[in-house]
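If you read the protein sequences in the order shown, they are chains A and B. Residue 3 in the working numbering sits at position 3 of the first sequence, and the numbers go up by one each step. Residue 215 in the working numbering sits at position 215 of the second sequence, and the numbers go up by one each step. One structure is given below, encoded as structure tokens.
There are 2 protein chains.
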Amino acid sequence: MIELEDIWRTYQLGDTTLHALAGIDETIQDGEHVAIMGPSGSGKSTLLNIIGLLDRPTRGTYRLDGRAVGGLDDDALAAIRRRGIGYVFQSYHLIERLDARGNVELPLILDGVAPRERRGRVEAALEAVGLAERADHRPSELSGGQRQRVAIARATILNPRVILADEPTGNLDSSSGEQVLALLEGFRARGLTLILVTHDPAVARRAERVIILRDGRVVRRMPGREL
Amino acid sequence: MIELEDIWRTYQLGDTTLHALAGIDETIQDGEHVAIMGPSGSGKSTLLNIIGLLDRPTRGTYRLDGRAVGGLDDDALAAIRRRGIGYVFQSYHLIERLDARGNVELPLILDGVAPRERRGRVEAALEAVGLAERADHRPSELSGGQRQRVAIARATILNPRVILADEPTGNLDSSSGEQVLALLEGFRARGLTLILVTHDPAVARRAERVIILRDGRVVRRMPGREL
Ligand SMILES: Nc1ncnc2c1ncn2[C@@H]1O[C@H](COP(=O)(O)OP(=O)(O)OP(=O)(O)O)[C@@H](O)[C@H]1O
Ligand SMILES: Nc1ncnc2c1ncn2[C@@H]1O[C@H](COP(=O)(O)OP(=O)(O)OP(=O)(O)O)[C@@H](O)[C@H]1O
Ligand SMILES: [Mg+2]
Ligand SMILES: [Mg+2]
Numbered sequence: 001m002i003e004l005e006d007i008w009r010t011y012q013l014g015d016t017t018l019h020a021l022a023g024i025d026e027t028i029q030d031g032e033h034v035a036i037m038g039p040s041g042s043g044k045s046t047l048l049n050i051i052g053l054l055d056r057p058t059r060g061t062y063r064l065d066g067r068a069v070g071g072l073d074d075d076a077l078a079a080i081r082r083r084g085i086g087y088v089f090q091s092y093h094l095i096e097r098l099d100a101r102g103n104v105e106l107p108l109i110l111d112g113v114a115p116r117e118r119r120g121r122v123e124a125a126l127e128a129v130g131l132a133e134r135a136d137h138r139p140s141e142l143s144g145g146q147r148q149r150v151a152i153a154r155a156t157i158l159n160p161r162v163i164l165a166d167e168p169t170g171n172l173d174s175s176s177g178e179q180v181l182a183l184l185e186g187f188r189a190r191g192l193t194l195i196l197v198t199h200d201p202a203v204a205r206r207a208e209r210v211i212i213l214r215d216g217r218v219v220r221r222m223p224g225r226e227l
Numbered sequence: 001m002i003e004l005e006d007i008w009r010t011y012q013l014g015d016t017t018l019h020a021l022a023g024i025d026e027t028i029q030d031g032e033h034v035a036i037m038g039p040s041g042s043g044k045s046t047l048l049n050i051i052g053l054l055d056r057p058t059r060g061t062y063r064l065d066g067r068a069v070g071g072l073d074d075d076a077l078a079a080i081r082r083r084g085i086g087y088v089f090q091s092y093h094l095i096e097r098l099d100a101r102g103n104v105e106l107p108l109i110l111d112g113v114a115p116r117e118r119r120g121r122v123e124a125a126l127e128a129v130g131l132a133e134r135a136d137h138r139p140s141e142l143s144g145g146q147r148q149r150v151a152i153a154r155a156t157i158l159n160p161r162v163i164l165a166d167e168p169t170g171n172l173d174s175s176s177g178e179q180v181l182a183l184l185e186g187f188r189a190r191g192l193t194l195i196l197v198t199h200d201p202a203v204a205r206r207a208e209r210v211i212i213l214r215d216g217r218v219v220r221r222m223p224g225r226e227l
């Protein structure tokens, strides 16, 4: 369960104070499928980064499974992230030196999975995003959408309990986008929580609940089908 | 005028030969508004890179304004590019060390424009993409869509005769996307050629002509309104 209580994220630029998030109160239950929408610059990625333990709020409390994470040090946060949270970044953050297979395999290696088991799981993950034939391409040898799909395969390979995806279909044609959404939604059958940031109403409509941000605040909440 | 004659772009990966483009024949007239669509990995960015003189075909002839560019050296290509072609990249390629203002100003500096004139033109360009209040933010201090808009402002500031945009609205909400498309289409009033790669049919529909790629080939051409 994700509980956000009066969350602020403030930046200081010279003598200007910028509130990327300005008082977010939100609870997301286990197994929920939530979409976050809002104008460019409204705070969506910032919110996802805080939920994903990649950033700390300036003010407010974040309880993950009932436990306040604000008091934990970076190593403790990293441990929770590695096992429990899969993150598909808006700008992918793939490792240039590794090919698609190497990028997707990395979480398994860090998790101590044996080589033989790794091989099968990586092949399956690449297959599921339609990249079996690009396994040995490095990010620079892949198209934009192919990099996005590598990021998705990497984020989901440890079967994390929470998947955070920041504009996962932004660079995908409708058919690759459909394949990716079906994959992400398929994980929910195992009780996984899926939180997507998207600009695409067609993607948001598939969520149970849509949260709309504007200027760092939640301005509307609605069921996906009402979009 | 852009004339592509039997254009191939081939990559060698070990003993595999991959054709990113496999025989493209296409002519784009001055002032045309063209959208390029197609599945992830179908060759759209590769085609745009060749049109934009950032890449050379493995085979075939590219005539720009009647002149075959294949014989030109890198300096000559760079000179044509700098003045005549504005490119909005799928992954932006902004300079991290410079803020939004600095990134947008760079083409003007390279073109020898005086400081006083530069200031006004940069302010206007940032205003036009809704980023006047983010002028002193570096790319890492901007949202994904804000970076995309900086890339657009930078690509258009020299009023190039051809604008190439690779998924310019991919990270934008509908209202920022609308603002950007209106800006890009506004340039056409001066006779500029606009070539957009997009996955969004709503964006492609606004073009006069849509070219659909699949596996490195053109498989369909149609008027935008038929989408
Ligand atoms: N350096 C390279 N070496 C080998 N293959 C490459 C290289 N660069 C691109 N490719 C391959 O060429 C094909 C076309 O890539 P391109 O980037 O043009 O696709 P795209 O249509 O822009 O896709 P997207 O919609 O995902 O951005 C892809 O299958 C990609 O894997
Ligand atoms: N390091 C930083 N310093 C100052 N301001 C920042 C910093 N990082 C982000 N911002 C600002 O915080 C605001 C929210 O950014 P965020 O990336 O969360 O937006 P977003 O909703 O994800 O936008 P997009 O849809 O364009 O990706 C933006 O206005 C941005 O300029
Ligand atoms: Mg974002
Ligand atoms: Mg591309």
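Ideal placement from N, C-alpha and C gives every residue a C-beta, glycine not left out. It should be emphasised that the depicted structure is a prediction, and the values quoted were computed from it without experimental measurement.
Query, Result
"Element boundaries [alpha helix (DSSP H), containing B/Leu184]", "Ser174 to Arg188"
"Residue-level contact to chain A via CB, B/Leu306, 9 Å cutoff", "Past the boundaries of the shown model lies residue 306 of chain B; chain B is included only from 1 to 227, so the question cannot be answered."
"Rounded separation between A/Ile109 and A/Arg119 - CA only", "11 Å"
"Selection from B/Val69, B/Val203, B/His137 and B/Val162 that minimises the alpha carbon distance to B/Glu226", "B/Val203"
"B/Gly52 beta carbon near ligand 2 (any heavy atom closer than 8 Å)", "no"
"Reduced DSSP category for A/Arg134 - H, G, I as helix; E, B as strand; rest coil", "helix"
"Pair within 9 Å by beta-carbon distance, B/Ser40 and A/Arg217", "no"
"Under the three-state DSSP convention, the category B/Pro223 falls into", "strand"
"Min CB distance A/Tyr11 to chain B below 9 Å", "yes"
"Meets three-Cβ-pair contact criterion under 8 Å: the region 175-188 of chain A and the region 45-55 of chain B", "no"
"CB contact below 9 Å: A/Pro39 versus chain B", "yes"
"Meets three-Cβ-pair contact criterion under 8 Å: the region 21-34 of chain B and the region 3-11 of chain B", "yes"
"Contact residues within the region 159-176 of chain A, judged by C-beta distance below 9 Å to chain B", "Asp166, Glu167, Thr169, Gly170, Asn171, Leu172, Asp173, Ser174, Ser175 and Ser176"
"Chain A contact residues for B/His199, given Cβ-Cβ distances below 9 Å", "Gly145, Thr169, Gly170, Asn171, Leu172, Asp173, Ser174, Ser176 and Gly177"
"Distance between beta carbons of B/Ser175 and B/Gly145, contact taken as under 8 Å", "Contact flag wrong, Cβ pair sits at about 11 Å."
"Interface flag, A/Asp111 vs chain B, CB-CB below 9 Å", "no"
"Rounded distance between the beta-carbons of B/Leu77 and B/Val69, thought under 8 Å", "7 Å"
"A/Asp25 in three-state terms, based on DSSP", "strand"
"Run of the alpha helix (DSSP H) containing B/Ile157, from where it starts to where it stops", "First-last for B/Ile157: undefined, no H or E at that position."
"Coil, strand or helix - A/Arg67 by DSSP", "strand"
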